[in-house]
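Chains as they are written, first to last, in UniProt numbering: chain H, 1 to 508; chain F, 1 to 508; chain Z, 1 to 508; chain V, 1 to 508. Here the structure comes first, spelled out in structure tokens, and everything after it is commentary.
There are 4 protein chains.
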Amino acid sequence: MEFEESGIGEECGVFGCVAAGEWPTQLEVAQVLTLGLVALQHRGQESAGIVTSDGASSPTYTAHKGMGLVNTAFPPEALLKLRYGNLGICHTRYSTTGISELQNCQPFVVDTLHGKIAVAHNGELVNAQALRKKVMRHGVGLSTCSDSELIIQLLALTPPMEELDAPDWVARIKNLMTETPTSYSLLVMFKDVIYAVRDPYGNRPLCIGQLVPISKLHSPGAEEEDTEGWVVSSESCSFQSIGAKYYREVLPGEIVQISKHGIKSLSVVPRPEGDLPAFCIFEYVYFARPDSIFEGQMVYTVRQRCGRQLAIEAPTDADLVSTVPESATPAALGYAQQAGLPYIEVLCKNRYVGRTFIQPNTRLRQLGVAKKFGALTDNFTGKRVVLVDDSIVRGNTISPIIKLLKEAGATEVHIRVASPPIRFPCYMGINIPTKEELIANKPEFQNIAGYIGADSVQYLTVEGLVSAVQEGISFHQNKMIDFGNKSDRRVGHCTACLTGKYPVELEW
Amino acid sequence: MEFEESGIGEECGVFGCVAAGEWPTQLEVAQVLTLGLVALQHRGQESAGIVTSDGASSPTYTAHKGMGLVNTAFPPEALLKLRYGNLGICHTRYSTTGISELQNCQPFVVDTLHGKIAVAHNGELVNAQALRKKVMRHGVGLSTCSDSELIIQLLALTPPMEELDAPDWVARIKNLMTETPTSYSLLVMFKDVIYAVRDPYGNRPLCIGQLVPISKLHSPGAEEEDTEGWVVSSESCSFQSIGAKYYREVLPGEIVQISKHGIKSLSVVPRPEGDLPAFCIFEYVYFARPDSIFEGQMVYTVRQRCGRQLAIEAPTDADLVSTVPESATPAALGYAQQAGLPYIEVLCKNRYVGRTFIQPNTRLRQLGVAKKFGALTDNFTGKRVVLVDDSIVRGNTISPIIKLLKEAGATEVHIRVASPPIRFPCYMGINIPTKEELIANKPEFQNIAGYIGADSVQYLTVEGLVSAVQEGISFHQNKMIDFGNKSDRRVGHCTACLTGKYPVELEW
Amino acid sequence: MEFEESGIGEECGVFGCVAAGEWPTQLEVAQVLTLGLVALQHRGQESAGIVTSDGASSPTYTAHKGMGLVNTAFPPEALLKLRYGNLGICHTRYSTTGISELQNCQPFVVDTLHGKIAVAHNGELVNAQALRKKVMRHGVGLSTCSDSELIIQLLALTPPMEELDAPDWVARIKNLMTETPTSYSLLVMFKDVIYAVRDPYGNRPLCIGQLVPISKLHSPGAEEEDTEGWVVSSESCSFQSIGAKYYREVLPGEIVQISKHGIKSLSVVPRPEGDLPAFCIFEYVYFARPDSIFEGQMVYTVRQRCGRQLAIEAPTDADLVSTVPESATPAALGYAQQAGLPYIEVLCKNRYVGRTFIQPNTRLRQLGVAKKFGALTDNFTGKRVVLVDDSIVRGNTISPIIKLLKEAGATEVHIRVASPPIRFPCYMGINIPTKEELIANKPEFQNIAGYIGADSVQYLTVEGLVSAVQEGISFHQNKMIDFGNKSDRRVGHCTACLTGKYPVELEW
Amino acid sequence: MEFEESGIGEECGVFGCVAAGEWPTQLEVAQVLTLGLVALQHRGQESAGIVTSDGASSPTYTAHKGMGLVNTAFPPEALLKLRYGNLGICHTRYSTTGISELQNCQPFVVDTLHGKIAVAHNGELVNAQALRKKVMRHGVGLSTCSDSELIIQLLALTPPMEELDAPDWVARIKNLMTETPTSYSLLVMFKDVIYAVRDPYGNRPLCIGQLVPISKLHSPGAEEEDTEGWVVSSESCSFQSIGAKYYREVLPGEIVQISKHGIKSLSVVPRPEGDLPAFCIFEYVYFARPDSIFEGQMVYTVRQRCGRQLAIEAPTDADLVSTVPESATPAALGYAQQAGLPYIEVLCKNRYVGRTFIQPNTRLRQLGVAKKFGALTDNFTGKRVVLVDDSIVRGNTISPIIKLLKEAGATEVHIRVASPPIRFPCYMGINIPTKEELIANKPEFQNIAGYIGADSVQYLTVEGLVSAVQEGISFHQNKMIDFGNKSDRRVGHCTACLTGKYPVELEW
């Protein structure tokens, strides 16, 4: 609901788990997967799916998918049926191209000559149309419009399957990676192994966690032999829920094999000479949970730095700094600190507001956002307010908030946005309104303060954002990250939605 | 419910409709499809699906599938979304191999280089495993275990698709038919045409109906120009519901093209030299609705003849003849007529009995069938009863009925079964208990009367059944059937479940 | 569904059970109640409710109510929660005055100074409005419009409750019976006893059954000491489902006490001098299940006699006699026997037809009944058909059937109705269309054959019906009925809907 | 969910609306009621109900109730059916005495001799048992265990109803108020009027709002003639959602009549001489939404003052102050300001966590709260943290949070609770665990810091809380409150759960 209103949305979260040691495992793999999904719920609320395998030589796969939040999609009987898994992958999905149906839910599973393959995918293949044609030219019918099915058929299709010997799945994954540059963070499960794959540009996040005994969760030296299992997740915030230690990120272009014997880096598929990584900068700005860690830094801290940077770029003569709860709070606190102004709450959020079935064209429709936020009147009456928001996409959410504050007694309301204006579509997995709907592309943007009723509006610059993000990146110092002998850790972020500079050429 | 108790079950019903004349049509194609499905509901109650196409050059396909009966699976909003179809196919499904999930529902639809294909299938490919391997050897992953997906991928796969020109779909269908001999009655929909296909053995039924104006429905000469559309269905009983005239059967091995321009027989793929047709004889005995017409005769009439034949083969010294309602009634009436005994009802069926959640091992469990049937005591107290049933599969349904009758005052109960004992599994689309569960294969069968508590039990012979079925077949005399210049109409029926003689060699 | 189409409907069924002997009982009271309800499902499909008591001195009552059929309304968890009952009553309800809400479901339960009372009611109080006023004049608010709540508040209200001593509930019930003459068959449950009450006119049925060990169910001498419990039900058809022996009817005006110690007749409240009983004659004609027993005779047999009488009153020159399945079958068989014509089925019913969401004003709407019935064409082509129906209420169901038969080849269709025309409303518990909607009150009735498209239409006379009903009544001869020393068993039936002669004066 | 974990819960919220001026009104009363309910959702999430009246002389009442959140309980068709209301009341309910069934939902409606009465009630009658007996002694059966039904029957019952004249409802309400001292905030609706009633102790909140044209919502002089309607609500936070201006509180003991002609104070029923008001102090501490206004002050501000007072009473030598999000945030900000320490967020809340169906006794169970909160590690590693919570009821929520923080690197965690320990049950509408479950009554409370793993634990004193609450109360200065000529505004709060001093003597 909320994400829809804000107008941009992540498309997916992926999560996987492999029990270590002897199978059948004591580890409740299905429950680890469920809790992991719950922790990634902010990345997709439309549907959820889990596939587990018992890992036997003739493995039994069990799958359950459902519409809605994880708790709705997975009633007790679903968990019951999944309980014999020794490894599994799962997926939570945001509504994509309008087709909210169960058959589009991931993970996608197919049967091949050499057993079942399951795929969970976060991202969007920039050359999906060309790849679909390629697959179909081989005479394969595609039953959904999901990239996930496309990926799985590509893996199955080429090079031609040989009946007698097992195929070299890793070679097939590498081959796939050469055919599509971005964007994908991918979990590919075969009967007893999961391959965690990140595209060469590292556009979508993916990281690995280590399940240690709860008792050793926070002791410094959790040894290899204590490991109860391995997990892989879009975001590290899911590790706390399941008692996993952060292990490391999957590198751009890397294929990591996760089996009961542990994790093993198999290969790093390179980018074209000269290309930088292109990790989505909006993961920092908006999508990720603030307690997640990317590139050695906590997302919350980056947002706070964005707020500080914004205070430097766009200082305000005001009495207090506040937030549009809840996602803008770190930036607002950063702004307040930097500006030396008090941080004071002015809005109270009604967390029970969902879709009420109010007819259009009524008195109540005019009230708009009022049912979602209450004004903490006494905190700001007669005051000049700096209101920090994380992003303004369509402009139709912030406008009624400003009205609410002014009518409740704020003498001035200055909007400060902790990210630059979004001007371009994303073709790499983020659901952004059409160019025409983006406030930054409307004529009214010339006088946006007037348009939304603010006394002033200022955005963070692209340079400011990039520097706020990049100044804290630390690959080697951070004790939690160990990349072994992978050397190249150049830094780069995708800012395409802000600048129109896409990391790869787009073919349509 | 009822079918499950009886222990055998048809797996599917298929139905299709193409509006004639100009498109968009005035014909409510989605409603015709829905009513057609409802009329085929006895062939499958687990799930239902409809796919329609608007038939445009870049067609829009719309699909809806749901679990349960048609009325449950198709709420008003589903019909609304399907309403722009100018042609469509649909399917109702019985629970098959244990996986009752939405993704196994038909019709199956895939996107190919040359547009979408939709397939609805009744039957079971005898060489499905070999065909699955073949498809997978080409590198195609199969996402379900349904024959429907297999068929569609076979159609798409070979011969290799050429990008520039449209494929010869009919050639592909013919090719498919050479790869799998039986059993299938198939509807294959492309953007603006449906191909109705019956396997060379004609194992599953399929027939064509003509939608004429309601006003001309029963006038003798409904001319071609009056045709509002064409329908194709597993059984002709569906034609009454939608106001269609019976046109003719699809022949064994025939491919019929149905488009807005009418119907056209494209080809008849022959059987191996010397092989007879093998239309499932249990369609007559049990599955089909009594008002359906196969091979020029009404199913009800065949059942009545079976009852007469049974009276000849197994006469009884008794006071009255009765039925296990409702499916055995025509046979019971036939028996009574032949035997010259009065036909009197002894059982009253509670049509509201479904699954009640009664715990096992209780007093009430012992009552068994009693909640389903009430005894019409006064009709038979002190009488010797001949009770005609259509089939005895496991023996656990008839036994409590006999007990009920005897305890309520019947002096003798003689069971006469209007079909031979089922002894063998079916691999062509019928869900039959395992060999061990079939009463005819149990040691108790030697003394079945004692085992089920009857005074005597007699079955119709295979020869008796075959002759009762075949004596009424009339291809040319019956005004409703016109096969044009298709000459070969030899007669043959599959009695594999009774005799173990399968129409084709089984490969496993 | 079906009853709604026919236009008349029973409003309710009631059922109760008390375990005999020591409590907690081994008898599964909740399951007995559920199965009893399922067997009464034809008397009401809108909602169902069960209330049980553990019968302790401070009793625990447990209730569950739900919308829809019993199987829907009582999921396993509902049965689980009811399982500790040692006695209980239940109710199944047809939609009444338009308010289909859960709060109107019965049984109704209230807490009084002397414990909880639960009431289940079949019937309709003719003076309900006056009684409601009376209750409200005492300052009681009524939370539903159900007679059941009204009855319960009347029982609680007068005579005034005394705090110290237990009230004389039987005196209160008698008092209630003097305040309202009809119609009610009532189950009133207190903590450890059920009172089964039938109004002085005996307008609605009520009978008692004895739960004996399954092994002794059909042995002649089930002794008192074998009794596992007692049941009381609107119809005896429910006894077979639960393994109960028919014991006897509750007499008009009788109050029977059912406790763990057995059954005891407490009182028979008399009718006004000279009034006959007024048992609803439509219970025989239409409502009751054919295997139920009223006044010593099986309903099926009465219907058969109605058919015979009809053949005498309205003979036809025809080739065959048939039925509108399924309820008219006994009458059709009776007609055929009397007329010496063959009984042949002409219609096949699609039992899966329910509400399909077809839009109005379409081609398919014109087909009407066709989706519900299939014509068994070969059975009647070129024949003159006598079609027996049990009643014609609105005339809109029979008309399309006649059309179907004629168009399919019947040369003549003669309608014979095994009951007289309904002309008057019922105020005693039966849902009948308004006078204007009844076909018998329309001008078209003068030429009804022409109106509905039949070659002739004839109804059974009121005298014919009454004599068909009354000739088989046997109170004393029938071994299953033992009225002890209750002597007056004059015979009388309510024919108000046919004749306008109501058993009591109506006050409005 | 959340409230259940914290262990205490408000039982209800009430809301009413009357359209001003001519009826039928242009005001969407049903929508106003729905939005009002949504804004009170924090006071009860179990069920919701709305009753509207069209206000005609023979009024049509429409009611809808449903389980779950307002958005679930009121689907579009429910709003549709309620749309003709000109006035209405509604209710949202927390689970009370274990019986979560639809029939216990409020508002309760009954029909009386003088029309329908509807009642919505927040609170709990301290002498409910005695009153139930009184009602039942008059011979009234009570169908639920809700106070709401009891109140309505008391209103109907005494003094005796006269048939001819309309009863004096206000006198009846006054009479009721003399029979039960507390606790109730009550909405009583008759056909065209709502009475808003607050008990003489003012234990539960109730306030009035004025619906003005949206355009004049924030203009200073909204005149009487502009009024589109009046609303009455448990909390003023609901007024923003619907565009209502805060008008004033209902006084303790006051009966306010709300009709289309406006609001009118009818009476103030006094408390016993010498008794102070007893407004529930936990409304300030925990229950109310922070933007609500009680006694002239914003709840948020009171919570902030509690935090400041706590910093004075229990200062800490630490590096930062933080909150258990979200309810403790104002207190934490107050503490930080007073203490001169930085306010830094240490926990991130996963708002998608609900009930996941995790089996007991597993590895994951040990993780406890971790799935609900994420640690913002970098914000506090190596720091001494003051963690402010609003209340500690059972102690089982705070303990895993402390563990989480310490294991993630906090060197010290000091718990400061912005309210005193709860030691006593509430009999006035708040759901509090049994005395034995309250941490403050356990032996472990002697060493609570050790028990929950904190470095220190300190609670606000009762005196500190009372002074923080009472210092900001302003009845006359605050422009938003106008009490007319009601003079007595002594101040008093119920602290029974903290001190055991109940405002009235409890009879059991």
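We treat Cβ as the ideally placed atom computed from N, Cα and C, and that holds for glycine.
Candidates F:F239, F:Y201 and F:I312: closest to F:L211 by CA position: F:F239
Who does H:H121 pair with in a DSSP beta bridge? DSSP lists H:L186 as partners of H:H121.
For chain Z, find out if any of its Cβ atoms is closer than 7 Å to the Cβ of V:R351; answer yes or no. No, no contact with chain Z.
Given that H:D111 touches chain F, what residues does it touch there, using C-beta distances under 8 Å? R132, M136, G141, L142, S143 and C145
Spatial neighbours of V:F483 in its chain, beta-carbon cut-off 6 Å, leaving aside the 5 residues before and after: Because V:F483 carries a pLDDT of 46, less than 50, the predicted location of this residue cannot be relied on, and the following value inherits that uncertainty. Result list for V:F483: empty, nothing under 6 Å.
Under 7 Å, Cβ to Cβ, is there at least one residue of chain C near Z:T301? In the structure shown, chain C does not exist; the protein chains are H, F, Z and V.
Going by the beta-carbon positions, is the gap between F:L37 and F:A48 smaller than 7 Å? The Cβ-Cβ distance between F:L37 and F:A48 falls below 7 Å.
Z:M189 vs Z:A118 beta-carbon contact at 7 Å: yes
Give me the DSSP bridge partner(s) of H:V109. H:A118
Three-state secondary structure (DSSP) of H:K372: coil
From Z:C497, Z:N86, Z:A156 and Z:G492, residue whose alpha carbon lies closest to that of Z:P433: With distances taken between Cα atoms, Z:P433 lies closest to Z:C497.
Compute the beta-carbon to beta-carbon distance between Z:R43 and Z:S234, rounded to the nearest angstrom, for a pair I have assumed lies under 8 Å. 6 Å
Taking only the alpha-carbon atoms, compute the straight-line gap between V:G500 and V:L186 and give it to the nearest angstrom. 25 Å
Beta strand (DSSP E) segment containing Z:K264, residue limits: G262 to V268
Apart from the five residues just before and just after H:L506, which ones in its own chain have a Cβ nearer than 8 Å to its Cβ? V126 and Y427
Do you know whose CA, among Z:H138, Z:K349 and Z:P270, lies nearest F:P325's CA? The residue with the shortest Cα to Cα distance from F:P325 is Z:K349.
For V:T397, which of V:Q31, V:E295 and V:I439 has the nearest alpha-carbon? When each option's Cα is compared against that of V:T397, the closest is V:I439.
Straight-line gap, V:Y502 to V:C494 (C-alpha atoms, nearest Å): 7 Å
DSSP three-state label for V:F294, please. strand
Please name the residue or residues paired with F:H91 in a DSSP beta bridge. F:V14 and F:G49
If you measure beta-carbon to beta-carbon, which residues of the stretch 369-391 of chain F are closer than 9 Å to chain Z? A370, K371, K372, F373, G374, A375, L376, T377, D378 and N379
Apart from the five residues on each side of it in sequence, which residues of its chain come closer than 6 Å, Cβ to Cβ, to Z:Y343? For Z:Y343, the CB contacts under 6 Å within the same chain, skipping 5 residues up- and downstream, are V321, L333 and A336 in chain order.
Residue interval of the beta strand (DSSP E) (run including F:W230): Segment G229 to S233, the beta strand (DSSP E) holding F:W230.
Kindly indicate if chain V contains any beta-carbon less than 7 Å away from that of H:M298. yes
Measuring CA to CA, which of Z:S419, Z:D455, Z:G229 and Z:Y352 is closest to Z:A328? The option with the nearest alpha carbon to Z:A328 is Z:S419.
At a cut of 8 Å, does the stretch 462-472 of chain V reach the stretch 387-401 of chain V through at least three beta carbon pairs? no
Tell me whether V:V14, by its Cβ, gets closer than 6 Å to a heavy atom of the ligand PLP. The ligand PLP is not part of this structure, which contains no ligands at all.
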